[in-house]
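Peer 1:
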Amino acid sequence: MPVDPRAVLTRPAPEPDRTVAYGDHPDQVADLRLPAGTGPARPLVVVVHGGFWRAEYDRRHTGPLAAALAADGYPVAQLEYRRTGQPGGGWPGTLTDVLAGVAELPVLAAEALPGRVSLAAPILVGHSAGGHLALYVAATAPATVGGVLALAPVADLGEAYRRDLDSGAVAALLGGGPADVPDRYATTDPRMLVPIRTRTVVVHGSEDHQVPVEMSRDFVAEARAGGSDISLVELPGCEHFGLIDPEAAAWPQVLAVLRSLHDDH
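What follows is the structure in structure tokens.
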């Protein structure tokens with residue numbers, strides 16, 4: 013019997029070591045995980061979860077991913093943020109939350125996990141809508157980001173709106189389509205924010221039915237042409253959720269890309 017690729021979304025994971033707040037709202041928090049073993053302080057890895065920016069998906073579904081990264085020796089923060097369907101979520105709160113969280117988490121994590129987290133700009137690992145948010149932060153506040161691993165990102169909000177991904181998810185985030193709120197797309201759509209100077213690797217499965225791989229192909233080609241430091245790793249046969257599942261076939265390749273970004277940093 014084939015395994016449901018969505019099983020990772022509900023798989024139990026160890027409880028985080030600490031939870032820190034970067035704001036006053038209950039969702040302006042991040043779960044921290046200590047890296048396994050001993051060693052010098054290392055740059056934080058900030059996991060930005062997906063779920064098409066909607067309230068029903070929270071950071072808990074990235075627990076298996078975060079626990080696996082910590083077991084591999086990385087200090088990890090699972091960033092939470094206000095989402096559509098919540099007071100203050102959507103435009104602009106979802107975006108300002110992630111900007112603030114990424115900027116503040118290295119200091120908060122270094123205080124909470126003494127000696128294990130350096131104050132260097134973190135590496136962002138964003139999946140799906142979280143991939144969009146990671147690209148957005150890198151384009152908008154590049155000094156706060158050391159590198160981006162974008163896993164099946166929603167990298168083109170205009171195209172995602174036209175394709176009606178997840179039944180109107182982009183319109184729910186920004187309050188309408190590109191013709192309705194063009195200024196919001198101009199400041200939040202990675203496709204319109206190139207070049208992105210932060211070193212970025214996009215990883216996308218060829219069998220992704222939630223976020224079509226063509227969107228990443230087109231985005232990376234345009235971003236590279238515009239001078240971005242970006243590359244695409246396309247995984248044949250991989251679907252959307254295998255990229256965040258440490259038990260999936262894609263995991264060693266995801267981890268190898270993260271190592272290359274982190275070690276160069």
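Heads up, the sequence shown is in the working numbering, so the first residue is 13 and it goes up one at a time.
Think of the CB as a built atom: it goes at the ideal place given N, C-alpha and C, for glycine as much as any other residue.
No experiment lies behind these values; they were computed from the predicted model shown.
Around the Cβ of His61, are there at least 16 other Cβ atoms within 10 angstroms (buried) or fewer (exposed)?
Peer 2: Position 49 of the sequence shown, counted from the first residue, corresponds to residue 61. Looking at its Cβ environment, which holds 16 or more other Cβ atoms inside 10 Å, His61 is buried.
Peer 1: Going by the beta-carbon positions, is the gap between Val278 and Ser240 smaller than 8 Å?
Peer 2: With the chain running from 13 to 277 in the structure shown, residue 278 is simply not present.
Peer 1: Considering only the alpha carbon of each residue, which of Ala83, Thr156, Leu185, Glu171 lies closest to Thr96?
Peer 2: Taking the first residue of the sequence shown as 1, we reach residue 96 at position 84. Comparing Cα positions, the closest option is Leu185.
Peer 1: Inspect the beta-carbon positions of Ala42 and Gln90 and report whether they are closer than 8 Å.
Peer 2: Within the sequence shown, the letter at position 30 stands for residue 42. Within the sequence shown, the letter at position 78 stands for residue 90. Contact: yes.
Peer 1: Helix, strand or coil for Met13 per DSSP?
Peer 2: Taking the sequence shown and counting its residues from 1, one reaches residue 13 at position 1. For Met13, the pLDDT reaches just 46, beneath the cut-off of 50, and the residue's location in the model is therefore unreliable, although a value from the coordinates is still provided. Looking at Met13 - three-state DSSP - the assignment turns out to be coil, as it is neither helix nor strand.
Peer 1: Thinking Gly217 and Leu247 are a contact (beta carbons under 8 Å), I'd like their distance in whole angstroms, please.
Peer 2: Within the sequence shown, numbered from 1, the residue matching residue 217 stands at position 205. Within the sequence shown, numbered from 1, the residue matching residue 247 stands at position 235. Confirmed, Cβ separation roughly 5 Å.
Peer 1: So, Ala167 versus Phe231, is the Cβ gap smaller than 8 Å?
Peer 2: Position 155 of the sequence shown holds residue 167. Position 219 of the sequence shown holds residue 231. In this structure, Phe231 lies closer than 8 Å to Ala167 by Cβ.
Peer 1: Tell me the rounded alpha-carbon separation between Gly35 and Ala112.
Peer 2: Looking up residue 35 in the sequence shown gives position 23. Looking up residue 112 in the sequence shown gives position 100. Spanning the two alpha carbons is a distance of roughly 8 Å.
Peer 1: Provide the residue span of the alpha helix (DSSP H) that contains Glu246, from first to last.
Peer 2: Within the sequence shown, numbered from 1, the residue matching residue 246 stands at position 234. Glu246 -> not in any alpha helix (DSSP H); beta strand (DSSP E) instead, spanning 242 to 247.
Peer 1: Taking the beta carbon of Met13 as the centre, do at least 16 other beta carbons fall within 10 Å, making it buried, or is it exposed?
Peer 2: Against the sequence shown, residue 13 aligns to sequence position 1. With a pLDDT of 46 at Met13, under the threshold of 50, the modelled position of this residue cannot be trusted; read the value that follows with caution. With fewer than 16 Cβ atoms within 10 Å of its Cβ, Met13 is classed as exposed.
Peer 1: For the segment 148 to 162 and the segment 202 to 211, state whether three or more C-beta atom pairs, one from each stretch, are separated by less than 8 Å.
Peer 2: With a cut-off of 8 Å, the segment 202 to 211 and the segment 148 to 162 count as touching, because enough Cβ pairs lie within range.
Peer 1: Buried or exposed, going by whether 16 or more other CB atoms sit within 10 Å of the CB of Asp275?
Peer 2: In the sequence shown, counting from the first residue as 1, residue 275 sits at position 263. With fewer than 16 other Cβ atoms within 10 Å, it is exposed.
Peer 1: Is the segment 21 to 41 touching the segment 118 to 128 in the sense that three or more CB pairs, one from each, lie closer than 8 Å?
Peer 2: Verdict: yes, contact present.
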